[in-house]
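Taking it in order: structure first as structure tokens, then the write-up.
Protein chains: 4
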Amino acid sequence: MPAPQPPVTPDRPTVRDGLPAAPESPDGTTARAKGRPRSAAADRAILDATREALAELGWGGLTMGHVATRAKVAKTTLYRRWPSKNELVVDAVASLFDELVMPDLGSLRADIEAVVSQFAALLARPETQAALLALFAEGTRDPQLRRRIREAIVDPQKRLVRQGRAAAQVRGELAPDCDETAACEEVDIIFDTIAGTVEHRVLVSGEPITAEWTRRFTDLLLGPFPSLVP
Amino acid sequence: MPAPQPPVTPDRPTVRDGLPAAPESPDGTTARAKGRPRSAAADRAILDATREALAELGWGGLTMGHVATRAKVAKTTLYRRWPSKNELVVDAVASLFDELVMPDLGSLRADIEAVVSQFAALLARPETQAALLALFAEGTRDPQLRRRIREAIVDPQKRLVRQGRAAAQVRGELAPDCDETAACEEVDIIFDTIAGTVEHRVLVSGEPITAEWTRRFTDLLLGPFPSLVP
Amino acid sequence: MPAPQPPVTPDRPTVRDGLPAAPESPDGTTARAKGRPRSAAADRAILDATREALAELGWGGLTMGHVATRAKVAKTTLYRRWPSKNELVVDAVASLFDELVMPDLGSLRADIEAVVSQFAALLARPETQAALLALFAEGTRDPQLRRRIREAIVDPQKRLVRQGRAAAQVRGELAPDCDETAACEEVDIIFDTIAGTVEHRVLVSGEPITAEWTRRFTDLLLGPFPSLVP
Amino acid sequence: MPAPQPPVTPDRPTVRDGLPAAPESPDGTTARAKGRPRSAAADRAILDATREALAELGWGGLTMGHVATRAKVAKTTLYRRWPSKNELVVDAVASLFDELVMPDLGSLRADIEAVVSQFAALLARPETQAALLALFAEGTRDPQLRRRIREAIVDPQKRLVRQGRAAAQVRGELAPDCDETAACEEVDIIFDTIAGTVEHRVLVSGEPITAEWTRRFTDLLLGPFPSLVP
DNA sequence: TAATAATCGAGACGGTACGTCTTGTCTTTGA
DNA sequence: TCAAAGACAAGACGTACCGTCTCGATTATTA
Numbered sequence: 001m002p003a004p005q006p007p008v009t010p011d012r013p014t015v016r017d018g019l020p021a022a023p024e025s026p027d028g029t030t031a032r033a034k035g036r037p038r039s040a041a042a043d044r045a046i047l048d049a050t051r052e053a054l055a056e057l058g059w060g061g062l063t064m065g066h067v068a069t070r071a072k073v074a075k076t077t078l079y080r081r082w083p084s085k086n087e088l089v090v091d092a093v094a095s096l097f098d099e100l101v102m103p104d105l106g107s108l109r110a111d112i113e114a115v116v117s118q119f120a121a122l123l124a125r126p127e128t129q130a131a132l133l134a135l136f137a138e139g140t141r142d143p144q145l146r147r148r149i150r151e152a153i154v155d156p157q158k159r160l161v162r163q164g165r166a167a168a169q170v171r172g173e174l175a176p177d178c179d180e181t182a183a184c185e186e187v188d189i190i191f192d193t194i195a196g197t198v199e200h201r202v203l204v205s206g207e208p209i210t211a212e213w214t215r216r217f218t219d220l221l222l223g224p225f226p227s228l229v230p
Numbered sequence: 231m232p233a234p235q236p237p238v239t240p241d242r243p244t245v246r247d248g249l250p251a252a253p254e255s256p257d258g259t260t261a262r263a264k265g266r267p268r269s270a271a272a273d274r275a276i277l278d279a280t281r282e283a284l285a286e287l288g289w290g291g292l293t294m295g296h297v298a299t300r301a302k303v304a305k306t307t308l309y310r311r312w313p314s315k316n317e318l319v320v321d322a323v324a325s326l327f328d329e330l331v332m333p334d335l336g337s338l339r340a341d342i343e344a345v346v347s348q349f350a351a352l353l354a355r356p357e358t359q360a361a362l363l364a365l366f367a368e369g370t371r372d373p374q375l376r377r378r379i380r381e382a383i384v385d386p387q388k389r390l391v392r393q394g395r396a397a398a399q400v401r402g403e404l405a406p407d408c409d410e411t412a413a414c415e416e417v418d419i420i421f422d423t424i425a426g427t428v429e430h431r432v433l434v435s436g437e438p439i440t441a442e443w444t445r446r447f448t449d450l451l452l453g454p455f456p457s458l459v460p
Numbered sequence: 461m462p463a464p465q466p467p468v469t470p471d472r473p474t475v476r477d478g479l480p481a482a483p484e485s486p487d488g489t490t491a492r493a494k495g496r497p498r499s500a501a502a503d504r505a506i507l508d509a510t511r512e513a514l515a516e517l518g519w520g521g522l523t524m525g526h527v528a529t530r531a532k533v534a535k536t537t538l539y540r541r542w543p544s545k546n547e548l549v550v551d552a553v554a555s556l557f558d559e560l561v562m563p564d565l566g567s568l569r570a571d572i573e574a575v576v577s578q579f580a581a582l583l584a585r586p587e588t589q590a591a592l593l594a595l596f597a598e599g600t601r602d603p604q605l606r607r608r609i610r611e612a613i614v615d616p617q618k619r620l621v622r623q624g625r626a627a628a629q630v631r632g633e634l635a636p637d638c639d640e641t642a643a644c645e646e647v648d649i650i651f652d653t654i655a656g657t658v659e660h661r662v663l664v665s666g667e668p669i670t671a672e673w674t675r676r677f678t679d680l681l682l683g684p685f686p687s688l689v690p
Numbered sequence: 691m692p693a694p695q696p697p698v699t700p701d702r703p704t705v706r707d708g709l710p711a712a713p714e715s716p717d718g719t720t721a722r723a724k725g726r727p728r729s730a731a732a733d734r735a736i737l738d739a740t741r742e743a744l745a746e747l748g749w750g751g752l753t754m755g756h757v758a759t760r761a762k763v764a765k766t767t768l769y770r771r772w773p774s775k776n777e778l779v780v781d782a783v784a785s786l787f788d789e790l791v792m793p794d795l796g797s798l799r800a801d802i803e804a805v806v807s808q809f810a811a812l813l814a815r816p817e818t819q820a821a822l823l824a825l826f827a828e829g830t831r832d833p834q835l836r837r838r839i840r841e842a843i844v845d846p847q848k849r850l851v852r853q854g855r856a857a858a859q860v861r862g863e864l865a866p867d868c869d870e871t872a873a874c875e876e877v878d879i880i881f882d883t884i885a886g887t888v889e890h891r892v893l894v895s896g897e898p899i900t901a902e903w904t905r906r907f908t909d910l911l912l913g914p915f916p917s918l919v920p
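Right, here's the structure in full:
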């Protein structure tokens, strides 16, 4: 969700600054906003500058003024789009998480290990490392921010778990869902477990995710299905 | 680990500010430091003020100046003891984690569920919530701080996993350890899983830890030992 | 001098924005400009808004953006006519000074007192008070602005002194001018004295111009002509 | 009135920032303020920087941040002493006016001409020119500032008129005062006339104060006493 | 009637200064 | 020697205006 801004990339309207982005006229066509349209180049420059600055300076060193300077943009231009550092970083980081994919390698175990590896690699990037926990920390105090983080960063990744389950069911490794609600809860619990554990290992303990560790962790996840554990 | 300060509670020297706290004379008696001794009341007031301010204002709203004012202490006195907000909060929060205990309720499942509940309750407290992820976030940029966090907050809780395993082995629920190293790694992986998952559920997803959720999560943890899953 | 703008009131061309306002064709008739003509209503709305804003907010509170908003006009429209706040306020205030008149009441003393009263009343108006000294202050740094202030606001009022002298000469109160240059200098000195003194009394000392004060001040001005002092 | 600040030059307490500057203990001795005393060097550097910046950049170009930078002082240090540009400039300019003196040259005419010349020279200095009218303009909107300007800059100069009158009375050029109140009002009117007229001539008309002009203006002032006009 | 051209509104743009806040250090007096 | 009080330099904060620009829409004259 790379923070598109209305008149420039009107494909997917966001509520980035709380205002309707692309007002529609009654006939359904996208109404042209009045006044000078916002610069798409500025949007891109700002998000790029944010990611660079995160990687170089970390969360604490990231300053709105610094981002503006680095993006060669006025501070007003920055604040017009994102009301604070938090929202800016959410958008800047969200796109990184869209790179994660469910590969479908032919076995549930292989798929899990691949996703864990991808996630570990993502968490090893300095911009992710600098931003993720700090955002989560801010989210604990600001429910609206937490919702934004979940919508833009966290929840979209649950698709990986759902896709993996579906593929395993097609392959016959897992039984088909009988109860929709229970399936949903199981997706949640699996997702929280994978995400939380890998984050804790990498970001808190500060230890690497090796192939061996991934194998053992996958053993744990597959525990309820002994037939899948070698 | 309530951040004792040397001349006052000389039972366990800390490295709080990098200096040996209670120098010992050659004859083994604790040497009296020169000059006016530091006030023990100030230490307590500072840590209490820190916890209160964390609960009220969150991590971002917590400032050294504010803590000093609230503790009715000069800023100099504060900085003389803790070099920065990070270290101060580590000490202020660490003691809260010492409240966690392994109850030994007669079954591994019951023990796990009890510990998860305790941890969830701890994470529900505003001061913990405000501080924990913020500290972890700071730790990703400052290896020394990360070490301090692990030593004071995270690693001590691994005892819970070890105690739980030992009790289960005594009860015959788990086989005795054969390989010491493997056992250690298993403790680590279990710990990261419990800690990370519960943190993610509470602090990121912002959803409560219910008895039902705890049961399902324990099912997952006990997956490799089907005999323990009802 | 109510800031006429060329195509609308082409009677007296101004140099308001440095460009020839109403280009003349070779045959002497005023050539009609191409394109959409400037709105006369906008001019009036802007000057009215400027005077109102001056009275309400003072010089410092007056901003171009604010004037544009209050006049329901785009900022571009404002800047197209007046290059800066200074020029705008000169035109907005100048017309107020045109209200001053030399009454010819039958004696020099009465005429002087009448003019002083009128001037004091003008200086008591909030828009004048807010603008006059601020314009003079700006003028000390910008010779072109000072010239514009003199041409539009200050010098035109010297007619009052000249008219009063002429009337007194007709009445025989004053001797006729012998030296043209000396007469001019005397007009200047009298004008600077009246204008400066009243301004200082009202705007700096902040004390009112009473009838008693006016009488005493007129005594001073008439000092060189004892026969006129009662 | 060079803006002394309490613990440094405790001779004359000011109300510069509204707080009692040098609190006195009951026994009349000046109580020592707690904490680190304010730097006298900073005061001097700030006022010097203000005067320099006024001369170079004018009132509009004078910035609190600029003054702080030029004085090699933090902005907080500046704001701790003077709440705004207005108050700062009052203090920076006030001292310049203390240089004016009544010379007592043996005749009222000579004394008046000498004071007018001094005042004209003062108004010709760029820092005075930049500041004076701007301060007066601000004063029209802020009664407290106007009072401050009068107390620090304007009213102290009335001593010149009083001294001149007294000397002339000693010399027998003027009759002794009979009515105290009337004398006071006459001082006021004379002062407003001299100050206002010279200011208007120099700052508004922008024309120089020549010896010839001074002679003619003095003629006007001495009008009521024909015996003193040559 | 159509083309042309300057106007209009709206609002985004890069800049600059604002006055406040926090940080971590320093400099006093007093205990 | 420490405690308290508060001054100090440094620098980020988010806001307000500045004067310019880029739009689409409007309103005149000219062809």
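Chains as they are written, first to last, in the numbering used here: chain A, 1 to 230; chain B, 231 to 460; chain C, 461 to 690; chain D, 691 to 920. In this text, a Cβ means the ideal position worked out from N, Cα and C, and glycines have one as well.
Chain-order list of residues whose beta-carbon lies under 8 Å from that of residue i (same chain, five-residue window excluded)
i: B:Val346; result: Ile424, Val428, Ile439, Thr444, Phe447, Thr448
i: B:Ala285; result: Arg355, Pro356, Glu357, Ala360
i: A:Leu19; result: Because A:Leu19 sits at a pLDDT of 39, beneath the cut-off of 50, its placement in the model cannot be relied upon, and the following sentence gives the value as read from the coordinates. Cβ neighbours of A:Leu19 beyond the five flanking positions: none.
Nearest-angstrom beta carbon gap, residue j and residue i [assumed within contact, 8 Å]
i: A:Phe119; j: A:Lys158; result: Wrong, their Cβ atoms sit about 13 Å apart, outside the cutoff.
i: C:Gly666; j: D:Arg836; result: 5 Å
i: C:Val561; j: D:Val844; result: Not confirmed; about 32 Å, so no contact.
i: A:Leu96; j: A:Leu122; result: 6 Å
i: B:Arg452; j: B:Arg339; result: According to the sequence shown, residue 452 of chain B is Leu rather than Arg. Correct: roughly 6 Å between the Cβ atoms.
Spatial distance of residue i from residue j (CA atoms)
i: A:Lys85; j: A:Ala131; result: 11 Å
i: C:Val630; j: C:Ala643; result: 16 Å
i: A:Val90; j: A:Glu127; result: 12 Å
i: C:Ala626; j: C:Glu640; result: 13 Å
i: B:Asp367; j: A:Glu87; result: Looking at the sequence shown, residue 367 of chain B is not Asp but Ala. Approximately 17 Å between the Cα atoms of the pair.
i: A:Val75; j: A:Thr63; result: The sequence given here places Lys at residue 75 of chain A; Val does not occur at that position. Taking the straight line from one Cα to the other gives about 11 Å.
i: B:Trp312; j: A:Val202; result: 27 Å
i: C:Ala408; j: D:Pro833; result: With chain C covering 461 to 690 only, the question about residue 408 of chain C has no answer from this structure.
i: A:Leu220; j: B:Gly426; result: 14 Å
i: D:His756; j: C:Arg540; result: 32 Å
i: B:Ser337; j: A:Ala68; result: 58 Å
i: C:Pro684; j: D:Arg760; result: 52 Å
i: C:Asp571; j: C:Leu620; result: 10 Å
i: B:Ile379; j: B:Gly369; result: 8 Å
i: A:Asp98; j: B:Glu343; result: 35 Å
i: C:Gly624; j: C:Glu672; result: 21 Å
i: B:Ala398; j: B:Pro406; result: 9 Å
i: C:Glu633; j: C:Pro563; result: 16 Å
i: D:Leu747; j: C:Gly521; result: 22 Å
7 Å Cβ shell around residue i - same chain, five flanking residues per side excluded
i: B:Trp289; result: Ala360, Ala361, Ala364
i: C:Leu538; result: Ile506, Met524, Val527, Ala528
Contact the stretch 273–281 of chain B vs the stretch 321–333 of chain B: 3+ CB pairs below 8 Å | yes
Between the stretch 894–912 of chain D and chain C, which residues of the former have CB atoms less than 9 Å from a CB of the latter, in chain order?
-> Val894, Ser895, Gly896, Glu897, Glu902, Trp903, Arg906, Phe907, Asp909, Leu910, Leu911, Leu912
In the stretch 506–528 of chain C, which residues sit with their C-beta less than 8 Å from some C-beta in chain D, listed in chain order?
-> Gly518, Trp519, Gly520
Report the residues of the stretch 304–334 of chain B with a CB closer than 8 Å to any CB of chain A, ordered along the chain.
-> none
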